[in-house]
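Asker:
In the numbering used here, the protein residues as written are -1 to 318.
1. Pick helix, strand or coil for residue 226, following the three-state DSSP scheme.
2. Span of the alpha helix (DSSP H) holding residue 39?
3. From the DSSP output, read off the bridge partner residues of residue 215.
4. At what residue ranges does the region 241 to 311 contain a whole run of the alpha helix (DSSP H), taking only runs of 4 or more?
5. If we ignore side chains and look at the alpha-carbon of each, how far apart do residue 206 and residue 288 end up?
6. At 4 residues or longer, what runs of the alpha helix (DSSP H) sit wholly inside the region 125 to 163?
7. For residue 189, which residues does DSSP report across the bridge?
8. Run through the DSSP bridge pairs and tell me what residue 111 is partnered with.
9. Leaving aside the five residues before and after residue 154 along the sequence, list all residues of the same chain whose C-beta is less than 8 Å from its C-beta, in chain order.
10. Provide the residue(s) that pair with residue 96 in DSSP beta bridges, ordered along the chain.
11. With residue 88 as the anchor, note down where its beta strand (DSSP E) starts and where it stops.
12. Mind reading off the beta-carbon distance from residue 316 to residue 265? Whole number of angstroms is fine, and I expect it under 8 Å.
13. Leaving out the 5 sequence neighbours to the left and right, which residues in its chain are closer than 8 Å to residue 36 when beta-carbon positions are compared?
14. With a threshold of 8 Å, are at least 3 pairs of Cβ atoms found where one atom belongs to the region 45 to 52 and the other to the region 96 to 115?
15. Could you pull out every residue in the same chain whose Cβ sits closer than 7 Å to the Cβ of residue 298, ignoring the five residues on either side in sequence?
16. For a test of the three-state rule: what should DSSP assign to residue 221, helix, strand or coil?
17. Inspect the beta-carbon positions of residue 341 and residue 23 and report whether they are closer than 9 Å.
18. Ignore the nearest five residues each way along the sequence and tell me which others in residue 272's own chain have a CB closer than 7 Å to its CB.
19. Relative to the C-alpha of residue 231, which residue among 64, 80, 220 is closest?
20. Tell me the rounded alpha-carbon separation between residue 10 and residue 112.
21. In chain order, what residues of the same chain have a beta carbon less than 8 Å from the beta carbon of residue 92, not counting five sequence neighbours either side?
22. Is the beta carbon of residue 98 sitting closer than 9 Å to the one on residue 257?
23. Rounded to whole angstroms, what's the CA-CA distance from residue 136 to residue 181? Just pull it up for me.
24. Give me, in chain order, the residues of the same chain whose beta-carbon lies closer than 8 Å to that of residue 309; leave out the 5 immediate sequence neighbours on both sides.
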């Protein structure tokens, strides 16, 4: 069978460089996991390799797309990921229709649908109303995760506050943290600048990143070979200490808090174009809110309506 005919048969779209579009890969993975009930990472990969063989896709290229598709399927809530003796495995979550302000926005979980492939199913063709329970987006997302993190670290819950209070809390933890030497300053970059361009802790640093130049407490990145450790670094005269958050996502929430604490925004929204840009790396919960309610048009950019933007802004703590 010609590859063009086979691509139509399995609903696979390739980009200009011959890579499979991520929404098609996500649709294939979702359908396979729903049908199997449970599927290992290795089984998913081998199945896709076989299905995509006529297209000559490089193994590394396919692996990268599969990894990102799995990440987004788990992030959206379509699937859960488990660790097993044979490696990672995946299972569909309970079927549910997510709504926002009374309108349907996403279908999640173990129910098959008809229609075009999608990263997140924002239509429910062929699904009866009783096949999936209805849940509001705010309830699906849960309370802001930075508040749970604050409590886990020993602070008091702070409803009505913003992640700036989380940042202020970890400043004390960093000031009393483990000692650190700045003898190799080129290996350390701190988030001390301001502005819309976040940049990266490269050599030299770009955007909001810089080398340590003055006292203060900063979200920071320490490079050691090919490994980057994300920490909170406190510099006070000749004494430098650090504290490492329990997860990378916790560090992202601290970056949000540090940015808000300076009075700077973490989101930019163009109401005319309905375009949302994250100005800092989005924490998982905020990215999930955008994933379920909008259309991704860039790594940190989404098209979302004003109602969805309001949910995301409230979640991440930016005043509207």
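We treat Cβ as the ideally placed atom computed from N, Cα and C, and that holds for glycine.
Answerer: Concretely, from the data shown:
1. Taking the chain shown and counting its residues from 1, the one referred to as residue 226 is at position 228. Looking at residue 226 - three-state DSSP - the assignment turns out to be strand.
2. By one-based count along the chain shown, residue 39 stands at place 41. That run of the alpha helix (DSSP H) goes 39 to 50.
3. As a working note, residue 215 is residue 217 in the chain shown. DSSP, once it has assigned bridges, lists 232 as partnering residue 215.
4. Those alpha helix (DSSP H) runs which fall completely within the region 241 to 311 and span 4+ residues are 246 to 259, 282 to 291.
5. For this step, residue 206 is matched to residue 208 along the chain shown. For this step, residue 288 is matched to residue 290 along the chain shown. Taking the straight line from one Cα to the other gives about 24 Å.
6. Counting whole runs of 4 or more residues, the region 125 to 163 contains the alpha helix (DSSP H) stretches 135 to 139, 143 to 150.
7. The residue labelled residue 189 in the question sits at position 191 within the chain shown. DSSP, once it has assigned bridges, lists 207 as partnering residue 189.
8. In the chain shown, the residue the question calls residue 111 occupies position 113. Paired residue(s): none; residue 111 is not in a bridge.
9. The sequence position of residue 154 within the chain shown is 156, counting from 1. Cβ neighbours of residue 154 beyond the five flanking positions: 148.
10. In the chain shown, counting from the first residue as 1, residue 96 sits at position 98. Residue 96 pairs with 104, 133.
11. As a first step, residue 88 is located in the chain shown; it is residue number 90 there, counting from the start. Its beta strand (DSSP E) spans residues 85 to 90.
12. Within the chain shown, numbered from 1, the residue matching residue 316 stands at position 318. Within the chain shown, numbered from 1, the residue matching residue 265 stands at position 267. Their Cβ separation, rounded to whole angstroms, is 5 Å, which keeps residue 316 and residue 265 in contact under 8 Å.
13. Numbered from its first residue, the chain shown carries residue 36 at position 38. 87, 88, 89, listed in sequence order.
14. no
15. Here residue 298 is taken as the residue at index 300 of the chain shown, counted from 1. Contacts found: 275, 276, 280.
16. Sequence index remark: in the chain shown, residue 221 carries index 223 (1-based). Residue 221: strand per DSSP, three-state reduction.
17. Past the edges of the chain, shown from -1 to 318, lies residue 341, and the structure says nothing about it.
18. To locate residue 272, count along the chain shown from 1; it is residue 274. So the list reads 301, 302, 303, once near-sequence residues are dropped.
19. Position 233 of the chain shown, counted from the first residue, corresponds to residue 231. The option with the nearest alpha carbon to residue 231 is 220.
20. Position 12 of the chain shown, counted from the start, is the residue given in the question as residue 10. Position 114 of the chain shown, counted from the start, is the residue given in the question as residue 112. Each residue's Cα considered, the two are about 15 Å apart.
21. Here residue 92 is taken as the residue at index 94 of the chain shown, counted from 1. Within the same chain, residue 92 has close Cβ partners 107, 108, 131.
22. To locate residue 98, count along the chain shown from 1; it is residue 100. To locate residue 257, count along the chain shown from 1; it is residue 259. Their beta carbons are not under 9 Å apart, which means residue 98 does not touch residue 257 by this criterion.
23. Taking the chain shown and counting its residues from 1, one reaches residue 136 at position 138. Taking the chain shown and counting its residues from 1, one reaches residue 181 at position 183. Taking the straight line joining both Cα atoms gives about 47 Å.
24. In the chain shown, residue 309 corresponds to position 311, counting from 1. Only 98, 135, 136, 139, 287, 291 meet the Cβ criterion.
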